[in-house]
Amino acid sequence: MKQSRLMSLVESVANVIVGYGVAVVTQFLIFPIFGLHTTLAQNLKMGAVFTVVSIARSYVLRRLFERLRRNT
């Protein structure tokens, strides 16, 4: 069965929220190991930047694979 548009939206939003949380927690845990010390606000902002980049990457790859699928 195909996924409804609403469920696709719900899945996309959940993916972004989880990705943002993973990015912030990872930064909080990993940065000190490399001697990088940031505030919570800085971690949140960097997590937002990484999230935007991830969304763009995902979109470009999805469109690329859709084009490849149509050409086969």
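For the sequence shown, position 37 (counting from the first letter as 1) is numbered 37 according to the UniProt record's numbering, and the numbering increases by one without interruption.
Glycine included, every Cβ here is placed at the ideal spot set by N, Cα and C.
- Distances from the alpha-carbon of residue 57 to those of 16, 30 and 38 put 16 closest.
- Under the DSSP assignment, residue 26 falls in the alpha helix (DSSP H) whose first and last residues are 5–30.
- Collapsing the DSSP output to three states places residue 36 in coil.
- Judged by pairs of C-beta atoms under 8 Å, the stretch 46–57 touches the stretch 16–31, as three or more such pairs exist.
- Excluding residues up to 5 positions away in sequence, 43, 44 and 47 lie with their Cβ nearer than 7 Å to the Cβ of residue 24 in the same chain.
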